[in-house]
Structure formats: C-alpha cells, structure tokens
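Participant: Could you have a look at this structure, given as structure tokens, before my questions?
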Amino acid sequence: MSSPTPRGLLAVLEQRDGRRCAWTGQESDRLVPQHRQGGAGGRKNKHRPSNVVWLDSILNGRIEAEADLQAEALRRGIKISGFADPTATPIQHAVHGLVLLDDDGRWAPAPKETTPWR
34 MSSPTPRGLL AVLEQRDGRR CAWTGQESDR LVPQHRQGGA GGRKNKHRPS NVVWLDSILN
94 GRIEAEADLQ AEALRRGIKI SGFADPTATP IQHAVHGLVL LDDDGRWAPA PKETTPWR
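Numbering-wise, the sequence shown is residues 34 to 151 according to my numbering.
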C-alpha cells in the first residue's frame, strides 16, 4: 500500500496552486494529490512539492486508463518518467502556465530550452 501524502505537503500544494487542478485550472471537491513520477514501488523522495500536483480524481483515472490521455499528460509534464528530475522537467500547468516546480513550493517560468515539445 502506498503511503499517504503528508499534511505538510498538502498545505504547500494549497499555498502554491490553491485547490485547482493542474490540467484544467478548475476548483473541485474531487481533487487528489497526484505524483508526477509514477512507477511501481516506493520512492523515498516522492513526497516533494516538485513531484506533486492536484488532479481531478476522475480525470486522473482516465489518464491511467486511456493511452491518448497518458500521452497528453506526458506531453504536458503532468506525468513524467521515473528517471526524470521533477525540478528540471517543465509542466504545462493550467494555473501557472509553462513552469518549473521546485521543492520549496515555488514555481518559475520554464526556459524554452528545457521544453522538449516546443
């Protein structure tokens, strides 16, 4: 069983993103904290602000089940490789735009050279 997202990290997410979905920008009572890096097994550093965003739980289920949405989530940086560094991988975030997330709960505009899909 996976470990629950720590309360302190949830507070950082709320401060950074409000209670808004990284994909749609919408507020919802169905938001869940979602790790950008997936994969089986545990990661000792998975619970860090650069690696977690709010996603609508229904949309998240569809991303897991539908190949076209998986591909789009990867393109947007909402989901990333288990080998990628979340602090160096840009995300097209509906609230903040094209940004890099850091582990202090901040974001900064992503330099164009870090954006592989442009």
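A virtual CB, placed ideally from N, CA and C, is assigned to each residue, including glycine. Only a predicted model underlies this, so the values are computations on that prediction, with no experimental measurement involved.
(1) Any idea which residues DSSP pairs Arg53 with across the strands?
(2) By DSSP, does Gly110 sit in helix, in strand, or in coil?
(3) Assign Lys77 to buried or exposed, taking buried as 16 or more other Cβ atoms, counted over all protein chains shown, within 10 Å of its Cβ.
(4) Helix, strand or coil: how does DSSP classify Asp137 here?
(5) Could you tell me the boundaries of the alpha helix (DSSP H) in which Glu90 lies?
(6) Do you know offhand how far Leu133's Cα is from Trp56's?
(7) Could you tell me which of His80, Leu43 and Leu92 sits nearest to Thr120, measuring between CA atoms?
(8) Expressed to the nearest angstrom, what Euclidean distance is found between the alpha-carbon atoms of Asp50 and Ala141?
(9) Would you mind reading off the limits of the beta strand (DSSP E) that contains His126?
Facilitator: So, to answer that:
(1) Its beta-bridge partners are Glu60.
(2) Looking at Gly110 - three-state DSSP - the assignment turns out to be coil, as it is neither helix nor strand.
(3) Exposed, since its Cβ has fewer than 16 Cβ neighbours within 10 Å.
(4) For Asp137, the secondary structure class from DSSP, reduced to helix, strand or coil, is coil.
(5) First, the residue type needs correcting, since residue 90 is Ser and not Glu in the sequence shown. Per DSSP, Ser90 belongs to the alpha helix (DSSP H) from Ser90 to Ala98.
(6) For Leu133 and Trp56, the distance between alpha carbons rounds to 15 Å.
(7) Nearest option by C-alpha distance: His80.
(8) Their Cα atoms are separated by approximately 13 Å.
(9) Segment Ile124 to His126, the beta strand (DSSP E) holding His126.
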